[in-house]
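Residue numbers (our numbering): 287 to 537. Using N, Cα and C, we set each Cβ at its ideal position, and we do this for glycine too.
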């Protein structure tokens with residue numbers, strides 16, 4: 287059991303009671319959006335567009351949150367200036383969170399690599415902010431794929447159980463300022479990186495309703511009770527540096 291960033295930890299063991307006791311001490315939480323504007327994941331991405339860009343919703347966001355520009359506001363202290371600074375701060379904060387979280391998981395997978403059997407890691411997560419717009423940050427997709435590949439090389443099957451809590455802490459702020467709530471996009475943004483981690487390792491992302499994780503764990507148990515492990519043995523003639531196409535057919 288590994289709890290990040292803080293919480294109980296249990297080394298690999300077959301003592302299920304010890305693990306259950308430790309699990310009983312885990313308390314999950316999600317920090318509320320910080321700052322003046324309480325930005326949702328979608329708003330953080332939208333706010334990075336270029337002013338006047340018709341492909342971006344930046345102008346609509348700034349108009350909704352700041353209204354008409356106040357010409358008397360001091361330089362650097364106008365509402366648009368503060369909003370732009372908060373968006374940048376959110377991007378930097380979430381990039382740091384993603385790098386630290388992925389680094390911790392990578393260390394876990396490398397530590398499990400010497401265990402000579404198939405391992406399954408179940409990760410309960412509130413998600414990581416990862417932009418769905420190639421023009422915006424943070425983009426942690428490459429790091430997520432690399433982590434999944436590290437898991438696969440360590441013979442670890444990762445399941446990401448995504449617990450959506452974004453709407454609980456951003457809906458009130460968006461309603462108060464008259465903006466449309468984009469729960470589906472918020473969820474997609476926050477769950478994209480955990481999904482890449484899992485699928486790159488051979489596992490999957492499972493969305494979990496708060497307080498009802500039982501079906502998700504049942505699915506993990508059903509899928510990991512039995513599996514096929516396929517291997518390929520090369521011949522000396524194969525070692526010519528050229529790619530080979532493999533085809534697997536299931537009857």
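Residue i versus the options, residue with shortest Cα-Cα distance
{"i": "residue 446", "options": "489, 420 and 468", "result": "489"}
{"i": "residue 439", "options": "391, 396 and 349", "result": "396"}
{"i": "residue 517", "options": "534, 352, 320 and 511", "result": "534"}
{"i": "residue 328", "options": "339, 352, 346 and 510", "result": "346"}
{"i": "residue 444", "options": "469, 418, 419 and 405", "result": "405"}
{"i": "residue 401", "options": "297, 530, 509 and 510", "result": "297"}
Distance CB(residue i)-CB(residue j) smaller than 9 Å
{"i": "residue 246", "j": "residue 431", "result": "Nothing can be reported for residue 246: it is not among the residues displayed for the chain, which extend from 287 to 537."}
{"i": "residue 312", "j": "residue 293", "result": "yes"}
{"i": "residue 532", "j": "residue 394", "result": "no"}
{"i": "residue 291", "j": "residue 403", "result": "no"}
{"i": "residue 487", "j": "residue 437", "result": "yes"}
{"i": "residue 388", "j": "residue 433", "result": "yes"}
{"i": "residue 320", "j": "residue 351", "result": "no"}
{"i": "residue 344", "j": "residue 353", "result": "no"}
Through-space distance from residue j to residue i, alpha-carbon basis
{"i": "residue 325", "j": "residue 435", "result": "32 Å"}
{"i": "residue 428", "j": "residue 471", "result": "20 Å"}
{"i": "residue 302", "j": "residue 503", "result": "15 Å"}
{"i": "residue 483", "j": "residue 414", "result": "11 Å"}
{"i": "residue 478", "j": "residue 448", "result": "10 Å"}
{"i": "residue 306", "j": "residue 349", "result": "50 Å"}
{"i": "residue 299", "j": "residue 369", "result": "49 Å"}
{"i": "residue 374", "j": "residue 384", "result": "15 Å"}
{"i": "residue 341", "j": "residue 515", "result": "46 Å"}
{"i": "residue 356", "j": "residue 331", "result": "25 Å"}
{"i": "residue 339", "j": "residue 506", "result": "44 Å"}
{"i": "residue 495", "j": "residue 519", "result": "43 Å"}
{"i": "residue 359", "j": "residue 337", "result": "19 Å"}
{"i": "residue 372", "j": "residue 416", "result": "17 Å"}
{"i": "residue 480", "j": "residue 473", "result": "11 Å"}
{"i": "residue 450", "j": "residue 386", "result": "21 Å"}
{"i": "residue 491", "j": "residue 309", "result": "21 Å"}
{"i": "residue 304", "j": "residue 469", "result": "38 Å"}
{"i": "residue 500", "j": "residue 392", "result": "27 Å"}
{"i": "residue 524", "j": "residue 537", "result": "28 Å"}
{"i": "residue 420", "j": "residue 529", "result": "30 Å"}
{"i": "residue 493", "j": "residue 295", "result": "24 Å"}
{"i": "residue 508", "j": "residue 521", "result": "36 Å"}
{"i": "residue 510", "j": "residue 498", "result": "20 Å"}
{"i": "residue 418", "j": "residue 361", "result": "32 Å"}
Where residue i falls: helix, strand or coil (DSSP)
{"i": "residue 498", "result": "strand"}
{"i": "residue 470", "result": "helix"}
{"i": "residue 504", "result": "helix"}
{"i": "residue 443", "result": "strand"}
{"i": "residue 355", "result": "coil"}
{"i": "residue 436", "result": "helix"}
{"i": "residue 404", "result": "coil"}
{"i": "residue 490", "result": "strand"}
{"i": "residue 398", "result": "helix"}
{"i": "residue 378", "result": "helix"}
{"i": "residue 410", "result": "strand"}
{"i": "residue 312", "result": "coil"}
{"i": "residue 383", "result": "helix"}
{"i": "residue 296", "result": "coil"}
{"i": "residue 305", "result": "helix"}
{"i": "residue 431", "result": "helix"}
- Item | contact_flag[the segment 359-370, the segment 394-409] where n(CB pairs < 8 Å) is 3 or more | The segment 394-409 and the segment 359-370 do not touch, with fewer than three beta-carbon pairs separated by less than 8 Å.
- Message: I want to know whether the segment 370-380 touches the segment 415-424 - three or more CB-CB distances under 8 Å.
- Response: Judged by Cβ distances under 8 Å, the segment 370-380 makes contact with the segment 415-424, as three or more pairs qualify.
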